[in-house]
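The structure appears right after this line, and notes come after that.
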Amino acid sequence: MSRNWRSVATVTGWQTAASLCYYSIFAATGIVRDAFSLSASSVGFFLTAALFGYTLALFPSGAAVDGYGEKRVMVVGLVALAVATVGVSVASSYALLLVAGLALGAAYSSAMPASNRGIITSAPDGRQNLAMGLKQVGVTAGSAVASLVITGVAAVAAWQLGFWVIAVLAGGYALGFAAVYGGSSGDGQLSLPDFSELRSNVPYLLLVVAGFFLGASIFAMLGYIVLYVVDGLGKTTAVGGIVLALTQVTGSAARIGAGTAADRLGGARGSATVALVQIATGVVLFGALAAGSPSFPVALVVFAGLGLSIYGSTGVFYSCLSTLVNGDDIGAATAGGQTAINVGGLVAPPIFGMLVERSGYGTGWELLAGMTLVAAILLVVVRRSA
């Protein structure tokens with residue numbers, strides 16, 4: 276394995292460990308609901324608290340990456356994630372649970388600006404989309420493992436133990452990462468990002484807006500898959516965790532395949548084309564869920580397809596974004612794109628939960644179908660203007 280690919284693998288491992296911590300709360304929605312006697316919308320606000328912390332800290336994290344390089348930010352961020360994961364498990368009230376979620380999100384803010392910079396500087400020539408897709412597999416792989424650990428441990432022991440296991444794994448990887456990863460240096464200054472060039476970059480701005488609607492669909496689906504399997508399909512929380520993990524497995528495969536396809540097509544236009552096909556497929560699948568409660572086998576197929584389409588599109592989304600801006604602006608540009616995705620995630624889960632409480636899951640899936648459709652339309656424009 277070449278030095279470039281070893282660096283890509285190391286960053287991918289870091290992304291997996293970071294996502295293992297952050298996405299543990301999405302796997303725990305059913306557990307948290309029962310432990311704190313919450314409504315569906317209250318669960319949504321818990322997820323929103325984590326996204327709010329994530330969003331608030333994104334631009335400071337992006338500035339730190341551009342100023343001091345990604346390695347320092349990634350080591351500190353992963354240690355903070357391990358500590359915050361333990362914090363979720365020791366929360367004794369709903370208010371403290373919200374605070375713990377906020378801290379977990381803030382710690383995860385280092386993930387995209389730092390890991391994207393690491394991939395851009397490490398990827399072999401002409402293989403940037405594949406490298407980004409591999410790194411984004413870390414998100415889905417971490418989420419899949421979190422789904423199995425959190426729901427599996429809760430089925431046989433105290434639910435808090437699953438969070439402790441995850442924290443130990445993340446802390447151990449932080450030590451190994453600090454020892455073996457070299458990284459790139461920054462400019463040595465911590466300053467606010469310069470958005471002057473980004474504001475005049477129309478394709479980038481359109482992609483950021485598309486990210487809002489894509490993020491709304493991603494985070495609402497992440498937050499309610501387990502509850503939908505339990506409430507809508509009559510299965511156990513453990514089964515819901517398996518279904519959530521399935522979407523992450525298919526999403527992982529799609530990120531690799533999408534990255535390879537985008538490399539063959541080439542440039543921002545190629546990335547936008549692949550993302551457009553995936554997101555348009557997601558519109559159809561959300562529409563199928565909105566049409567009525569499917570049988571469990573059919574639901575499995577639909578969620579696997581949503582993993583291939585919606586979850587599998589983020590790798591090429593970030594590749595397209597990184598291709599549209601100058602190398603010196605990647606930290607700020609990624610922070611902008613991730614902020615848009617997060618804001619969508621802030622808005623959608625509570626609304627989805629309220630729609631479920633009032634009208635059932637069908638209306639919630641209709642909301643996600645509509646939002647995904649808007650993202651697809653914007654990607655058509657990005658593809659033409661890139």
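Each residue of the sequence shown is one higher than the one before, starting from 276 at the first, in our numbering. Glycine included, each C-beta is placed from N, C-alpha and C at the ideal position.
So, at 7 Å on beta carbons, what are the nonlocal neighbours of residue i in its own chain, with the 5 sequence-adjacent residues on each side left out?
i, result
"S364", "Q435, F438, W439"
"A574", "L508"
"A547", "C595, L654, V657, R658, A661"
"T323", "L621, P624, P625"
"A537", "N404, G545, S546, V549, V591, S594"
"L630", "T638, G639, L642"
"F327", "L377, G380, L621"
Tell me the DSSP secondary structure of residue i in three-state form.
i, result
"V424", "helix"
"V286", "helix"
"G458", "coil"
"L371", "helix"
"L313", "coil"
"A433", "coil"
"I585", "coil"
"S418", "helix"
"R530", "helix"
"G516", "helix"
"L444", "helix"
Compute the distance between the beta-carbons of residue i and residue j, then report whether it is under 8 Å.
i, j, result
"F670", "W640", "Outside the displayed range of the chain (276 to 661) lies residue 670, so it cannot be described from this structure."
"T589", "T330", "no"
"G427", "V354", "no"
"Y586", "A495", "no"
"A689", "G637", "Outside the shown range of the chain (276 to 661) lies residue 689, about which nothing can therefore be said."
"P624", "A543", "no"
"I500", "T535", "no"
"T525", "G582", "yes"
"G352", "A382", "yes"
"N476", "S397", "no"
"K410", "T287", "yes"
"A405", "L482", "The amino acid at residue 405 is misidentified as Ala; the sequence shows Leu. Not in contact: L405 and L482 (Cβ atoms no closer than 8 Å)."
"G413", "T304", "no"
"L356", "A293", "yes"
"A375", "G362", "yes"
"S368", "G628", "no"
"A302", "G516", "yes"
With a CB to CB cut of under 8 Å and the five nearest residues on each side skipped, what residues in its chain are close to residue i?
i, result
"N601", "E472"
"S597", "N391, I395, Q403, M407, I605, A608, T609"
"Q553", "A529, A533, L583, S584, I585, G587, S588, V591"
"A310", "W434"
Taking the alpha-carbon positions, what's the residue i to residue j distance?
i, j, result
"T647", "G619", "11 Å"
"L372", "F321", "7 Å"
"A555", "A651", "6 Å"
"A359", "G457", "26 Å"
"A416", "Y297", "12 Å"
"S314", "V307", "10 Å"
"S312", "A513", "18 Å"
"R347", "D400", "25 Å"
Apart from the five residues just before and just after residue i, which ones in its own chain have a Cβ nearer than 6 Å to its Cβ?
i, result
"W289", "M349, F452"
"L333", "S384, A610, Q613, T614"
"G486", "G612, A615, I616"
Between the region 334 to 350 and the region 408 to 424, do at least 3 Cβ pairs fall closer than 8 Å? no
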